[in-house]
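Since the structure comes first, as structure tokens, the remarks are kept for the end.
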Amino acid sequence: MIRLTAYISGRVQRVGYRAKVVSQALEMGLAGIVQNQPDGRVLVIAEGEKKEDLERFASAIRIENAFIHVDDLSAEYTEGTGEYSTFRKVTGPNEVGERLDDGIEILKEIVISLKNLTTTTKDGFENLTTITEDGFENLTTMTEDGFE
């Protein structure tokens, strides 16, 4: 059994990174933990049968998407202990409240964006109505004048 101990830095806390790590580890049949660190990094301890599996896992958790951006992953491979039976996320005592606060801020941003989108859409339809009405007036005039 082999153990990977990795410290991951970047935009990796409060963005769903640990959930992605857990999902990837479980999919690969690994056991261990993922935990936020006070310095902003994330600690991953994973154990598996083959070093190659852990290397693939380390590569897979170098995630980049709209929210997550891994800048660095420092990895150390040692002999495994077998102390973990599954892979899980370790949470801190205040984490749920902090996440709720984050969620409220995100919802506020979504509401503002939706208001802006509504205003833009309304203005666009008003402009379209004006253009369409002007077009019909021109067409009516041209029809009455015999398309001269």
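For the sequence shown, numbering that gives the first Met the number 0 begins at 0 and goes up steadily by one.
Using N, Cα and C, we set each Cβ at its ideal position, and we do this for glycine too.
In the DSSP assignment, Tyr76 is bridged to Leu3. Listed in chain order, the non-local C-beta contacts of Leu25 below 8 Å within the same chain comprise Thr85 and Phe86, local neighbours out to five positions each way being set aside.
Residue burial is scored here from C-beta neighbours: Gly79 has at least 16 other C-beta atoms within 10 angstroms and is therefore classed as buried. In the displayed model, Arg10 falls within a strand according to three-state DSSP. Within the model, the alpha-carbon separation for Val11 versus Thr120 is close to 35 Å. For the 9 Å CB-CB criterion, Ile44 and Ala18 do not form a contact. Its Cα nearest to that of Val20, the residue Ala57 stands out among Ala57, Gly47 and Glu108.
Residue burial is scored here from C-beta neighbours: Leu53 has at least 16 other C-beta atoms within 10 angstroms and is therefore classed as buried. By the 16-neighbour rule on beta-carbons within 10 angstroms, Arg40 is buried. Between Lys88 and the set Asp133, Gly9 and Gly15, the nearest pair of CA atoms involves Gly15.
Within the stretch 36-66, the runs of alpha helix (DSSP H) at least 4 residues long that lie entirely inside it are, in chain order, 50-59. Residue pairing of Gly31 in beta bridges, as defined by DSSP: Ala45 and Phe86. Boundaries of the alpha helix (DSSP H) around Gly96: Glu94 to Glu143.
Between the alpha carbons of Leu113 and Gly123 lies a gap of roughly 15 Å. Around the Cβ of Asn35, a 10 Å sphere holds 16 or more other Cβ atoms; the residue is buried.
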